[in-house]
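*Asks:* According to the numbering used here, numbering within the sequence shown proceeds without interruption in unit steps and concludes at 499. C-beta: ideal position from N, C-alpha, C; glycine also. First, the structure itself, so that you have it in front of you.
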Amino acid sequence: MDYDIAIIGGGPAGYSAAIYAAKCNLKVALIEQERLGGTCLNKGCIPTKALLHTSFIYHQQHSATNKGIKSTITYDDQQAYRYKDQLVDQLVDGIQHLINAHKISFYNDHATFNDKHTLLLKQSQQTITSDNIIIATGASSFGLPFIASDIKFIYNSDDVLKNPLTQTDITIIGGGVIGCELATYYHQLGRRVTIIEIAERLLPEVDKELSQNLQMNFKRSKIEILTNAKLLNVAEENDGLSYSYQLNERSYTKFTQAIILATGRKPNIEGLNLNSLDLKLDKGHIKVNEHYQTNLDHIFAIGDVNGKIQLAHVATAQAEDCIRYITNQPMIHQAKTIPYCIYTTPEIAYAGLNESQAKQANIDYQISKYLLNSNGRYLIETDQRGFIKVIFSNKVIIGAQLYMEHASEYIGFFTMAIDNKLNVEQIANSIYPHPTISEALKEVTANINNQALHILTFKR
Ligand SMILES: Cc1cc2nc3c(=O)[nH]c(=O)nc-3n(C[C@H](O)[C@H](O)[C@H](O)COP(=O)(O)OP(=O)(O)OC[C@H]3O[C@@H](n4cnc5c(N)ncnc54)[C@H](O)[C@@H]3O)c2cc1C
Numbered sequence: 040m041d042y043d044i045a046i047i048g049g050g051p052a053g054y055s056a057a058i059y060a061a062k063c064n065l066k067v068a069l070i071e072q073e074r075l076g077g078t079c080l081n082k083g084c085i086p087t088k089a090l091l092h093t094s095f096i097y098h099q100q101h102s103a104t105n106k107g108i109k110s111t112i113t114y115d116d117q118q119a120y121r122y123k124d125q126l127v128d129q130l131v132d133g134i135q136h137l138i139n140a141h142k143i144s145f146y147n148d149h150a151t152f153n154d155k156h157t158l159l160l161k162q163s164q165q166t167i168t169s170d171n172i173i174i175a176t177g178a179s180s181f182g183l184p185f186i187a188s189d190i191k192f193i194y195n196s197d198d199v200l201k202n203p204l205t206q207t208d209i210t211i212i213g214g215g216v217i218g219c220e221l222a223t224y225y226h227q228l229g230r231r232v233t234i235i236e237i238a239e240r241l242l243p244e245v246d247k248e249l250s251q252n253l254q255m256n257f258k259r260s261k262i263e264i265l266t267n268a269k270l271l272n273v274a275e276e277n278d279g280l281s282y283s284y285q286l287n288e289r290s291y292t293k294f295t296q297a298i299i300l301a302t303g304r305k306p307n308i309e310g311l312n313l314n315s316l317d318l319k320l321d322k323g324h325i326k327v328n329e330h331y332q333t334n335l336d337h338i339f340a341i342g343d344v345n346g347k348i349q350l351a352h353v354a355t356a357q358a359e360d361c362i363r364y365i366t367n368q369p370m371i372h373q374a375k376t377i378p379y380c381i382y383t384t385p386e387i388a389y390a391g392l393n394e395s396q397a398k399q400a401n402i403d404y405q406i407s408k409y410l411l412n413s414n415g416r417y418l419i420e421t422d423q424r425g426f427i428k429v430i431f432s433n434k435v436i437i438g439a440q441l442y443m444e445h446a447s448e449y450i451g452f453f454t455m456a457i458d459n460k461l462n463v464e465q466i467a468n469s470i471y472p473h474p475t476i477s478e479a480l481k482e483v484t485a486n487i488n489n490q491a492l493h494i495l496t497f498k499r
């Protein structure tokens, strides 16, 4: 065999697996048809957060007159996209450097299975053989079956991250994570935004209080939110689109200049010739066991393509565990708490159990909630409402929900606390610097013992 391990796909799952495998002294091939970094670096996490950062600054400055900042500022979207592209290039170059430094054989090509141990690289028509093969081909946006693909002014996340939208009236179909982040971006630029969501609320998977707070904030910001609304059809007009949707058994028609479809992502399995291997699928994803192993012992599937949880840090964790399994080391990330982050303004982040899950699981729990309006640093830096809600059982932390600026930075602390079963005293008895947002960590935990200095009552 040419390699110990060949990996198809150079996103967070694939490149992490390649680097980890090289660190475990395996001979590794990595095949990527586009650019290293996959969706995350090129069309997902990094571009969205870079653009959100630019629109946040723009929006903040508009409302900063009470802080003594007065100016006429403009948003140059071409420059913002150049800034985003430069960041992406820098990060992709960094990954390429790591791949080279670990002496991983990198093929910039499309891979397809010739047989169970052989991959054909389409462009070079080269074949490579490997003892183990990891499929890490990710997922792609999918449209809605009743919308023709050639209609103008309809975009997906790939399109809008590649080139700026010039339209001032934008309708987003889908109020999930990607839909809400894009709504935040365009709203902060001053565009008129409508969200159509088929479920009864935005972010239907998320703790109700978090999603209700976001929904209220969006409404206050004049983002139009239509929940329980089902898109029925879309027709092209001269300078935009008319679309109809059903709400409470009535149908309505509206006009918009652009539609962004944020309706979900499907696994990339076409073009791999999986049929010839008899590889088992589960609802269109590659079916794997707890070791990310398919029904063929030496073929594994990690990241978005196995349909477990479509997040970059989950892809990376699966990559490390998969390589550890292949190299006979115990897996380290299984059963660990997964942090979830949504980069709206303010951000949302959560980990572990929320109240309704604790209730459903019949757990005897206590809740502590801390509003950030008594935190000095938070007040200095933002005018956004914010809170931290923590769920304890026997004074041990079992879940946290954050609705606040920088929530995504703080959730890592709670993930670590949940995994290590930290109790109230272990967190609250430490000294936290002042003035910082981290003081909230002490407040929200000390509150369980009724010892939080800045909270009046402890709610049970
Ligand atoms: C708009 C958007 C924003 C997101 N924001 C976040 C976020 O903030 N945080 C977060 O955790 N997650 C986020 N995600 C999700 C995250 O990007 C994915 O979970 C992550 O990229 C999955 O990694 P992966 O390696 O499994 O797949 P991918 O990153 O999709 O990589 C798969 C790679 O495989 C390559 N490939 C496919 N088929 C072949 C083939 N036959 N031969 C060779 N190469 C092939 C593809 O070109 C691609 O580069 C976001 C996604 C989107 C779309």
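What span of residues does the beta strand (DSSP E) with GLU263 cover, start to end?
*Replies:* What you label residue 263 is simply residue 224 of the sequence shown in a count that begins at 1. Taken as a continuous stretch (DSSP letters only), the beta strand (DSSP E) holding GLU263 covers 263-265.
*Asks:* For a quick check, are the C-beta atoms of GLY451 and ASN393 less than 8 Å apart?
*Replies:* As a working mapping, residue 451 is identified with position 412 in the sequence shown. As a working mapping, residue 393 is identified with position 354 in the sequence shown. No.
*Asks:* Give, in chain order, every unbroken run of the alpha helix (DSSP H) that is at least 4 residues long and sits entirely within the stretch 191-228.
*Replies:* For the stretch 191-228, whole alpha helix (DSSP H) runs of length 4 or above, ordered along the chain, are 196-201 and 216-227.
*Asks:* With distances taken Cα to Cα, identify the nearest neighbour of LYS298 among ILE85, LEU160 and LEU204.
*Replies:* For the purposes of this step, residue 298 is taken as the residue at position 259 of the sequence shown. Position check: residue 298 holds Ile in this sequence, whereas Lys was assumed. Nearest C-alpha to ILE298: LEU204.
*Asks:* Use the C-beta contact count for PRO306: other C-beta atoms within 10 angstroms, 16 or more gives buried, fewer gives exposed.
*Replies:* For the purposes of this step, residue 306 is identified with residue 267 of the sequence shown, where counting begins at 1. Counting Cβ neighbours within 10 Å, PRO306 comes out buried, since at least 16 surround it.
*Asks:* At 3 residues or longer, what runs of the beta strand (DSSP E) sit wholly inside the stretch 46-80?
*Replies:* List check, beta strand (DSSP E) in window: 67-70.
*Asks:* So, do the stretch 212-223 and the stretch 383-398 have three or more beta carbon pairs nearer to each other than 8 Å?
*Replies:* Judged by Cβ distances under 8 Å, the stretch 212-223 makes contact with the stretch 383-398, as three or more pairs qualify.
*Asks:* Assuming LEU160 and TYR146 make a contact with CB atoms under 8 Å, what is their CB distance in whole Å?
*Replies:* Your numbering for residue 160 matches position 121 in the sequence shown. Your numbering for residue 146 matches position 107 in the sequence shown. LEU160 to TYR146, Cβ: 6 Å. Contact.
*Asks:* Distance cutoff 8 Å, beta carbons only. Does THR233 sit that close to anything in chain C?
*Replies:* The question asks about chain C, but that chain is absent: this structure has only one protein chain.
*Asks:* What residues in its chain sit with their C-beta under 7 Å from that of ASN414, if we drop five residues either side in the sequence?
*Replies:* Taking the sequence shown and counting its residues from 1, one reaches residue 414 at position 375. Cβ neighbours of ASN414 beyond the five flanking positions: ILE476, GLU478 and ALA479.
*Asks:* Would you tell me roughly how many angstroms separate the C-alpha atoms of ILE47 and THR157, rounded to the nearest one?
*Replies:* Here the question's residue 47 lines up with position 8 in the sequence shown. Here the question's residue 157 lines up with position 118 in the sequence shown. Rounded to the nearest angstrom, the two C-alpha atoms are 12 Å apart.
*Asks:* Can you tell me whether GLY133 sits near ligand 1, meaning its C-beta is under 7 Å from at least one heavy atom of the ligand?
*Replies:* Your numbering for residue 133 matches position 94 in the sequence shown. No - ligand 1 has no heavy atom lying nearer than 7 Å to the Cβ of GLY133.
*Asks:* Would the beta-carbon of GLY213 be found less than 7 Å away from any heavy atom of ligand 1?
*Replies:* In the sequence shown, the residue the question calls residue 213 occupies position 174. Answer for GLY213: no, Cβ out of range of ligand 1.
*Asks:* What do you reckon, is the C-beta of GLN349 under 7 Å from a heavy atom of ligand 1?
*Replies:* Along the sequence shown, read from residue 1 onward, the residue named residue 349 stands at position 310. GLN349: yes, Cβ under 7 Å from ligand 1.
*Asks:* For LYS428, count the other beta carbons within 10 Å of its own beta carbon; 16 or more makes it buried, fewer makes it exposed. Which is it?
*Replies:* By one-based count along the sequence shown, residue 428 stands at place 389. Label assigned to LYS428: buried.
*Asks:* Output needed for GLU244: all residues of its chain with C-beta closer than 8 Å, excluding positions within five of it in sequence on either side, in chain order.
*Replies:* Position 205 of the sequence shown, counted from the first residue, corresponds to residue 244. Only GLY215 meet the Cβ criterion.
*Asks:* Does ligand 1 have a heavy atom nearer than 7 Å to the CB of HIS141?
*Replies:* As a position in the sequence shown, residue 141 is number 102, starting the count at 1. No, since every heavy atom of ligand 1 falls outside the 7 Å radius drawn around the Cβ of HIS141.
*Asks:* Say the cut is 7 Å; is the CB of PRO385 nearer than that to a heavy atom of ligand 1?
*Replies:* Numbered from its first residue, the sequence shown carries residue 385 at position 346. Result no, Cβ not under 7 Å from ligand 1.
*Asks:* Rounded to whole angstroms, what is the Cα-Cα separation between ALA388 and THR166?
*Replies:* By one-based count along the sequence shown, residue 388 stands at place 349. By one-based count along the sequence shown, residue 166 stands at place 127. Approximately 44 Å between the Cα atoms of the pair.
*Asks:* Identify every residue that forms a DSSP beta bridge with ASP321.
*Replies:* Locating residue 321 in the sequence shown gives position 282, where the first residue counts as 1. Per DSSP, HIS324.
*Asks:* Any chance the stretch 46-66 sits against the stretch 190-201, with 3 or more Cβ pairs inside 8 Å?
*Replies:* Contact fails: fewer than three Cβ-Cβ distances are below 8 Å.
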